[in-house]
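All remarks here apply to the structure that follows.
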Amino acid sequence: MTPSKKILVIGATGYVGSHLVPNLLALGYQVIATSRSLETLKHHAWHSHPHATLAEVDLMDEGDLSSILESVSEVFYLVHGMASGSDFYQHELNMARHVSNQVAKSNVSRLIYLGATQPSNVCSTHLAARKVTGNILRDCGKQVIELRAGIIIGSGSAAFEVMRDIVSHLPVITTPVWVRSKSSPVALDTMIGYLTKLIELPIEGSPIFDVSGPEIISYEDQMRRFARIINKRIFIVKMPLLTPKISSMWLTLVTTVPKPIASSLIDGLMYDLLPTGKDISTLIPEPQLGFEQAVESALSNESDVVKNDIWGFDPDAIARWHRNYGYYPKHAGFTVETDASAEALWTSIQKVGGDEGYFFGNWLWKIRAYMDAAIGGNALKKRRPQRQSLQTGDYIDSWKVIQCAPNKHLSLLFGMKAPGLGRLEFTVKDLGETRLLDIRAWWHPAGFSGLLYWFAMMPAHLFIFKGMAFALAKSSGAKKTLPSRHT
379 MTPSKKILVI
389 GATGYVGSHL
399 VPNLLALGYQ
409 VIATSRSLET
419 LKHHAWHSHP
429 HATLAEVDLM
439 DEGDLSSILE
449 SVSEVFYLVH
459 GMASGSDFYQ
469 HELNMARHVS
479 NQVAKSNVSR
489 LIYLGATQPS
499 NVCSTHLAAR
509 KVTGNILRDC
519 GKQVIELRAG
529 IIIGSGSAAF
539 EVMRDIVSHL
549 PVITTPVWVR
559 SKSSPVALDT
569 MIGYLTKLIE
579 LPIEGSPIFD
589 VSGPEIISYE
599 DQMRRFARII
609 NKRIFIVKMP
619 LLTPKISSMW
629 LTLVTTVPKP
639 IASSLIDGLM
649 YDLLPTGKDI
659 STLIPEPQLG
669 FEQAVESALS
679 NESDVVKNDI
689 WGFDPDAIAR
699 WHRNYGYYPK
709 HAGFTVETDA
719 SAEALWTSIQ
729 KVGGDEGYFF
739 GNWLWKIRAY
749 MDAAIGGNAL
759 KKRRPQRQSL
769 QTGDYIDSWK
779 VIQCAPNKHL
789 SLLFGMKAPG
799 LGRLEFTVKD
809 LGETRLLDIR
819 AWWHPAGFSG
829 LLYWFAMMPA
839 HLFIFKGMAF
849 ALAKSSGAKK
859 TLPSRHT
């Protein structure tokens, strides 16, 4: 292994990419990690590693990548467009085409692409996009090694999180008939092992390999076996009338997986995701983990959800995390565009809580505080630091400051008693002549009760956050404030 070898990871903040990068760094490689958001990259613990370089890259902008590709020997292409909604197919192809064109003009020797298992005779937009993406990348004229995988068992994998949420949240599970579809799930650790070993392995041409685990299991059996692991008794009732559209809406209610990802996921899970070509294990004898072992490994790393900069590596947040909490957070908030200065907005934001209250709807906040006190909480206790400015670690009533970036961002750890873990964020983004002010709650529900709590609070959240945003802007001297049209 060449210690100075430089590796580019496109999609470093995704599920696989965020686990691959630290492994590459541990092996001594220099890594260029890209994402559409530099701030998102900085949330990961490895962002400050001396051999890590962070680069903000939006592949849809079709910008010049020559400076990033300079002296790069291998590229990992780990992006997909499932979160972009109904037009994700063209979105994925456009990104792949841009990268392919840029790599063709570079000195890159090998591109490694993680695609999806391709069953025969299926009509899945998601799976088709993955296949065509591989074809487009091979047009770059460089060596392209494609790995095709089905379900990956690991904390953060959409398919795994859907299964975990369904089992954890519901005692009686009504499912569409696609739960009978079979796959050969592979452990995340095994997948990372394959990817890292492909960097140095001598291979000719641009082959396609399947990645599979040691067992072929239906999605229904995976749910039953997962339930046994967490000591949960479940009943599964299959509903033939649950169409893909209805199924995606249903998943949005009972899981925390974002709707666009859930819809794309169902598109693929309706079919048997079984390997049809040469398995990568014939080339790389990576240790295989059975389903139960893979799940236990995933659950043992669940606290990694809060061991990052988003939660400020706060010990209270880490201690309160439970493996049955939803991995993906629910969120609700409101954004306004205002001419108030960032400094004025920040001065107002720091007055939150205590005798000043919460800018808007204080009677609702008081009702919630009394509800908390009735079950033993301390929300009625007024707390604020003596100084005007806030710092990480400060307490504001039942909240705790876990992130504090002056004029930009304040994050408060939810301290009331409720089924789950949450935070409240105030974010200011400077657009030049105007500022975006966003007030948003994030919630990782604890089982079905956590979901019920979230949906019960949703009307109040939407009402309060809108009022808070306008009131905060007004108190900051704004002459003009409008709902934001920015996305």
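In this text, residue positions in the sequence shown follow this note's numbering: the first is 379, and each later residue adds one.
Beta carbons: idealized from backbone N, C-alpha and C, even for Gly.
None of the values given here were measured: they were computed from a predicted structure.
Buried or exposed: where does ALA847 fall if 16 or more other Cβ atoms within 10 Å of its Cβ makes it buried?
Taking the sequence shown and counting its residues from 1, the one referred to as residue 847 is at position 469. With 16 or more Cβ atoms within 10 Å of its Cβ, ALA847 is classed as buried.
Rounded to whole angstroms, what's the CA-CA distance from LEU723 to LEU652? Just pull it up for me.
Position 345 of the sequence shown, counting from 1, holds the residue named residue 723. Position 274 of the sequence shown, counting from 1, holds the residue named residue 652. Taking the straight line joining both Cα atoms gives about 54 Å.
Sufficient close CB pairs (3 or more, under 8 Å) joining the segment 734-743 to the segment 838-847:
Segments in contact, yes.
Given ILE385 as reference, the closest of TYR393, GLY406, PRO797, LEU791 once Cα atoms are compared:
Along the sequence shown, one-based indexing puts residue 385 at 7. Among TYR393, GLY406, PRO797, LEU791, the Cα nearest to that of ILE385 belongs to GLY406.
Whose CA, out of SER853, GLU664, CYS782, lies closest to the CA of ALA718?
In the sequence shown, counting from the first residue as 1, residue 718 sits at position 340. Among SER853, GLU664, CYS782, the Cα nearest to that of ALA718 belongs to SER853.
Between GLY731 and ARG761, is the Cβ-Cβ spacing less than 9 Å?
Residue 731 sits at position 353 when you count from the first residue of the sequence shown. Residue 761 sits at position 383 when you count from the first residue of the sequence shown. The answer is yes: Cβ separation under 9 Å.
Coil, strand or helix - GLU539 by DSSP
Within the sequence shown, numbered from 1, the residue matching residue 539 stands at position 161. Here GLU539 sits in helix by DSSP.
Among the residues of its own chain, which have a CB less than 8 Å from the CB of LYS918, if the five just before and after it don't count?
Residue 918 lies beyond the residue range present for the chain, which begins at 379 and ends at 865; the question has no answer from this structure.
Output needed for MET379: all residues of its chain with C-beta closer than 7 Å, excluding positions within five of it in sequence on either side, in chain order.
Against the sequence shown, residue 379 aligns to sequence position 1. Residue placement at MET379 is poorly supported in this model, since its pLDDT is 45, which falls under 50; the coordinates still yield a value, given next. Closer than 7 Å at the Cβ level, and outside the excluded window around MET379, lie LEU405, GLY406, GLU578.
ARG526 and SER584 closer than 9 Å at C-beta
Working through the sequence shown from its first residue, we reach residue 526 at position 148. Working through the sequence shown from its first residue, we reach residue 584 at position 206. In this structure, SER584 does not lie closer than 9 Å to ARG526 by Cβ.
For TYR455, list the residues DSSP reports as bridge partners.
Taking the first residue of the sequence shown as position 1, residue 455 is located at position 77. In DSSP, TYR455 forms a bridge with ILE388, TYR491.
Length-filtered (3 minimum) beta strand (DSSP E) runs lying within the segment 393-467:
408-413, 430-434, 452-455
Quick one: does the C-beta of HIS700 sit closer than 8 Å to a heavy atom of the ligand MG?
Of the ligands one can find in the structure shown there are none, so the ligand MG has no counterpart to examine.
Give the DSSP-derived three-state secondary structure of ARG762 in the structure shown.
Translated into positions along the sequence shown, residue 762 becomes position 384. Three-state DSSP puts ARG762 in coil, outside helix and strand.
If LEU802 and TRP777 are in contact, beta carbons under 8 Å, what's the gap, nearest whole angstrom?
Taking the first residue of the sequence shown as position 1, residue 802 is located at position 424. Taking the first residue of the sequence shown as position 1, residue 777 is located at position 399. Right, their Cβ atoms sit about 7 Å apart.
Give the DSSP bridge partners of SER789, in chain order.
On the sequence shown, residue 789 is found 411 positions in, with the first residue counted as 1. According to DSSP, SER789 shares a beta bridge with GLN781, GLU803.
Go to TRP832, then tell me how far its alpha helix (DSSP H) extends in each direction, as first and last residue.
Indexing the sequence shown from 1 puts residue 832 at position 454. Note, TRP832: alpha helix (DSSP H), 825-853.
To the nearest angstrom, how far is it from the Cα of GLY800 to the Cα of LEU788?
Taking the sequence shown and counting its residues from 1, one reaches residue 800 at position 422. Taking the sequence shown and counting its residues from 1, one reaches residue 788 at position 410. Cα to Cα, the separation comes out at about 14 Å.
PRO707: buried (16+ other C-beta within 10 angstroms of its C-beta) or exposed?
As a working mapping, residue 707 is identified with position 329 in the sequence shown. With 16 or more Cβ atoms within 10 Å of its Cβ, PRO707 is classed as buried.
Determine the extent of the beta strand (DSSP E) in which HIS351 is found, giving its start and end residues.
Since the first and last residues shown for the chain are 379 and 865, residue 351 lies out of range.
Please list the segments of the beta strand (DSSP E) lying wholly inside the segment 512-576, counting only runs of 3 or more residues, in order along the chain.
Whole beta strand (DSSP E) segments, 3+ residues: 521-527, 550-553.
Within 8 Å, do at least three Cβ pairs link the segment 469-489 to the segment 537-552?
no
For ALA747, does the three-state DSSP call read helix, strand or coil?
As a working mapping, residue 747 is identified with position 369 in the sequence shown. Three-state result, ALA747: helix.
Under 9 Å, do ALA434 and SER451 count as touching if we go by C-beta distance?
Counting from one through the sequence shown, the residue named residue 434 turns up at place 56. Counting from one through the sequence shown, the residue named residue 451 turns up at place 73. In the sequence as presented, Ala is not what sits at residue 434; that position holds Glu. Cβ distance not < 9 Å, so GLU434 and SER451 don't count as in contact.
Unbroken beta strand (DSSP E) run spanning LEU860, endpoints:
Here residue 860 refers to the residue found at position 482 of the sequence shown. Where LEU860 is concerned, the enclosing beta strand (DSSP E) stretches over 859-861.
Give the DSSP bridge partners of TYR703, in chain order.
Translated into positions along the sequence shown, residue 703 becomes position 325. Paired residue(s): ALA824.
Given a cut-off of 9 Å, decide if ILE662 and LEU576 are closer than it, judged by their beta-carbon atoms.
Counted from its first residue, the sequence shown places residue 576 at position 198. Counted from its first residue, the sequence shown places residue 662 at position 284. For LEU576 and ILE662, yes; Cβs fall inside 9 Å.
Supposed contact pair ASP733 and LYS795 - C-beta distance, whole angstroms, cut 8 Å
Within the sequence shown, numbered from 1, the residue matching residue 795 stands at position 417. Within the sequence shown, numbered from 1, the residue matching residue 733 stands at position 355. With 8 Å as the limit, LYS795 and ASP733 do not qualify as a contact, their Cβ atoms being about 23 Å apart.
Using a Cβ-Cβ cutoff of less than 6 Å, which residues in the same chain neighbour VAL555 once the five nearest sequence positions on both sides are dropped?
The count along the sequence shown starts at 1 and reaches residue 555 at position 177. If we look at VAL555 and ignore the five residues flanking it on each side, its Cβ neighbours are LYS616, PRO618.
Measure the alpha-carbon distance for THR859 versus LEU850 and round it to whole angstroms.
In the sequence shown, residue 859 corresponds to position 481, counting from 1. In the sequence shown, residue 850 corresponds to position 472, counting from 1. If I take the Cα positions, the gap works out to 10 Å.
Sort out for me which residues DSSP pairs ARG818 with in a bridge.
Taking the sequence shown and counting its residues from 1, one reaches residue 818 at position 440. DSSP lists GLY711, GLU803 as partners of ARG818.
By Cβ distance below 6 Å, which residues in the same chain neighbour MET808 in space, the five residues on each side in sequence not counted?
Counting from 1 along the sequence shown, the entry for residue 808 is found at position 430. The sequence shown places Asp at residue 808, not Met. If we look at ASP808 and ignore the five residues flanking it on each side, its Cβ neighbours are ALA720.
Could you say which of TRP743, GLY534, TYR467 lies nearest to THR503 if we only look at CA atoms?
As a first step, residue 503 is located in the sequence shown; it is residue number 125 there, counting from the start. Answer by Cα proximity: TYR467.
So is ASN702 buried or exposed if we call it buried at 16+ other beta carbons inside 10 Å?
Walking along the sequence shown from the start, residue 702 turns up at place 324. Under this definition ASN702 is a buried residue.
Of the choices ASP439, SER444, MET438, GLY392, whose alpha-carbon is the least far from that of LEU419?
Translated into the one-based positions of the sequence shown, residue 419 becomes position 41. Per the C-alpha coordinates, the member of ASP439, SER444, MET438, GLY392 positioned closest to LEU419 is GLY392.
Compute the distance between the beta-carbons of ILE529 and VAL564, then report whether it is under 9 Å.
As a first step, residue 529 is located in the sequence shown; it is residue number 151 there, counting from the start. As a first step, residue 564 is located in the sequence shown; it is residue number 186 there, counting from the start. Yes, Cβ-Cβ distance for ILE529 and VAL564 is below 9 Å.
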